[in-house]
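Report on the following structure.
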Amino acid sequence: MSAPARPVLLNPGPVTLSDNVRAALARTDLCHREPEFAELQARLRRQLLHVYELDPATWAAVLLTGSGTAAVEAMIVSCVPADGRLLVVENGVYGERVSAIATAAGIEHASVTVPWGESPDTDSIDRLLAAQPFTHVAVVHHETTTGRLNNLEPLAESCRRHGAVMLLDGVSSFGAEDIAFDRWPLAACAATANKCLHGVPGTAFVIARRDTLERAPSPPRSVYLNLAAYLTAQDRDGTPFTQSVQTFYALDAALDEFFAAGGWRARRQLFRDRMATIRGHLLAHGIEAMLGADETSCVLHAFRLPAGLDYATLHDHLKARGFIIYAGQGQLATSAFRISAMGDITRNDIARLLAAFDDILP
Ligand SMILES: *Cc1c(COP(=O)(O)O)cnc(C)c1O
């Protein structure tokens, strides 16, 4: 069986592009010091705030050239002041990465860890916040390692009670899950163009409170990932460094499609519907989901490999039919697989995917 011409990416970013987003990559060449670029950058910054209807007097979108990790690292090194103390909530690879970023940057921090897949331990977090003066709590919203959508309500409540603010890794939730900028004590949220927003990899961004970046450490902990410098330059329609112009074009087209389709609520419903179809089909084949549907994000679900089927065999079978799934990470590499519902995929793609599973599952 030959693979269809258009591969369908079911990995958690980059995503299958729409024709419009792909065509945007071929727009005219543009120098990042020209007014046309300034206009494009300003429009993207406005639109990104508009995703969650944020007030530009309080919030700023800061655009960076890099993958999602660049945005997370920029957020951590720029938002924790020199005398700040950071508590990192870990229940998967991405929480662990935040701790690695804090260690590399020499930021005073502690971590609260639970096994991958479990919910953050909000009681110990609350006790730690009560016992020690932490200024910031970093947490991953959708922990893509396992698909868990961390419930941030109790954490937000603890932070508020103990006077800490939150730094959110929203890389795999921004644009499709509810991020309560008005309810949670957020200082900043890091995200990327190429996950729920359906752009291409290369542009990432941080939505930060302006007053947070006024207290950015000086001297900065990083030259390239200094959000305060980006904010100053971008507020003056400039950029400290060359941006990935074509990726900006693609994000511009992707945001037009995003708003035309009804914004983050519509996208959440779309992803939920896709995942419910796929999950229901796999469960009917006796495949076990790692987490309950009610604790999993709309973006990605993790499943256990059935006895007698290894990941490589499943992956290669699906790839030959045009579908790219994703392995478990680290300790889950040999026992799990993940399927994400992001990107420009059709009902027909999903029907073909289910048929491809029928051919290999018991
Ligand atoms: C994808 C992702 C990142 C960033 O990964 P990159 O490979 O740098 O794009 C960060 N956090 C979470 C939760 C993610 O899903």
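Start counting the sequence shown at 86; every next residue gets the next number (the numbering used here). Every residue, glycine too, gets a C-beta built ideally from N, C-alpha and C. Treat the numbers as computed from the prediction; the structure is a model and nothing was measured.
{"query": "Considering only heavy atoms of ligand 1, does any lie closer than 7 Å to the CB of lysine 280?", "result": "yes"}
{"query": "For glutamate 299, which of Pro166, Arg437 and Val106 has the nearest alpha-carbon?", "result": "Pro166"}
{"query": "Within 10 angstroms of its Cβ, does threonine 229 collect 16 or more other Cβ (buried), or is it exposed?", "result": "buried"}
{"query": "Pull up the distance between the alpha-carbon of threonine 327 and that of leucine 115, whole angstroms please.", "result": "11 Å"}
{"query": "In angstroms with no decimal places, state the Cα-to-Cα distance between arginine 170 and serine 184.", "result": "12 Å"}
{"query": "In the DSSP assignment, the beta strand (DSSP E) including methionine 360 goes from what residue to what residue?", "result": "Unbroken run through methionine 360 is the alpha helix (DSSP H), 348-369; no beta strand (DSSP E)."}
{"query": "For leucine 252, tell me which candidate among Gly260, Asp320, Gly323 and Gly180 has the shortest Cα-Cα distance.", "result": "Gly180"}
{"query": "Measure the C-alpha to C-alpha separation of asparagine 96 and phenylalanine 442 and round it to an integer number of angstroms.", "result": "16 Å"}
{"query": "Once DSSP output is grouped into helix, strand and coil, what is the label at valine 173?", "result": "strand"}
{"query": "Over the uninterrupted alpha helix (DSSP H) stretch that includes leucine 336, give me the two end residues.", "result": "330-345"}
{"query": "According to DSSP, what are the bridge partners of methionine 251?", "result": "Val222 and Leu271"}
{"query": "Quick check on the DSSP output: the beta strand (DSSP E) that includes alanine 289 runs from which residue to which?", "result": "288-294"}
{"query": "Counting Cβ pairs closer than 8 Å, one from the stretch 143-163 and one from the stretch 304-313, do we hit at least three?", "result": "yes"}
{"query": "In the structure shown, what three-state DSSP assignment does arginine 107 receive?", "result": "helix"}
{"query": "Using 7 Å as the cut-off, classify the Cβ of glycine 260 as near or not near the heavy atoms of ligand 1, replying yes or no.", "result": "no"}
{"query": "At a cut of 8 Å, does the stretch 136-155 reach the stretch 262-269 through at least three beta carbon pairs?", "result": "yes"}
{"query": "Relative to the alpha-carbon of histidine 402, which residue among Arg306, Ile445, Ala436 and Ala374 has its alpha-carbon at the smallest distance?", "result": "Ile445"}
{"query": "Does the Cβ of alanine 273 have 16 or more other Cβ atoms within 10 Å, making it buried, or fewer, making it exposed?", "result": "buried"}
{"query": "Since threonine 457 sits in a beta bridge, which residues does DSSP pair it with?", "result": "Absent from the model: residue 457. The displayed extent of the chain is 86 to 447, so no value can be given."}
{"query": "Decide if leucine 133 is buried, meaning its Cβ has at least 16 other Cβ atoms within 10 Å, or exposed.", "result": "buried"}
{"query": "Between histidine 283 and serine 257, is the Cβ-Cβ spacing less than 8 Å?", "result": "no"}
{"query": "With distances taken from CA atoms, which of Leu94, Gly232, Glu238 and Ala189 is nearest isoleucine 210?", "result": "Glu238"}
{"query": "In three-state terms, what does DSSP make of isoleucine 409?", "result": "strand"}
{"query": "Could you give the residue range of the beta strand (DSSP E) that holds phenylalanine 388?", "result": "385-389"}
{"query": "Check the C-beta distance from alanine 289 over to alanine 155 and give it rounded, since I have them as a contact under 8 Å.", "result": "5 Å"}
{"query": "What is the residue span of the alpha helix (DSSP H) that serine 257 lies within?", "result": "Segment: none, serine 257 is in no alpha helix (DSSP H) and carries neither H nor E."}
{"query": "Threonine 419 and arginine 233: beta carbons closer than 8 Å?", "result": "no"}
{"query": "According to DSSP, is leucine 134 part of a helix, a strand, or is it coil?", "result": "helix"}
{"query": "What does the Cβ neighbour count give for alanine 215, buried or exposed, with the cut at 16 atoms within 10 Å?", "result": "exposed"}
{"query": "Do isoleucine 363 and arginine 389 come within 8 Å of each other at the CB atom, strictly closer than that value?", "result": "no"}
{"query": "Which first and last residues belong to the beta strand (DSSP E) in which alanine 195 is found?", "result": "194-198"}
{"query": "Cβ of threonine 229 versus every heavy atom of ligand 1: is any distance shorter than 7 Å?", "result": "yes"}
{"query": "Is the closest heavy atom of ligand 1 to the C-beta of tyrosine 179 under 7 Å?", "result": "yes"}
{"query": "Rounded to whole angstroms, what's the CA-CA distance from alanine 436 to isoleucine 410? Just pull it up for me.", "result": "15 Å"}
{"query": "Could you name the residues that DSSP lists as bridge partners for isoleucine 424?", "result": "His386"}
{"query": "Please determine whether the Cβ atom of serine 448 lies at a distance below 7 Å from any heavy atom of ligand 1.", "result": "No answer is possible for residue 448: it lies beyond the span of the chain, which begins at 86 and ends at 447."}
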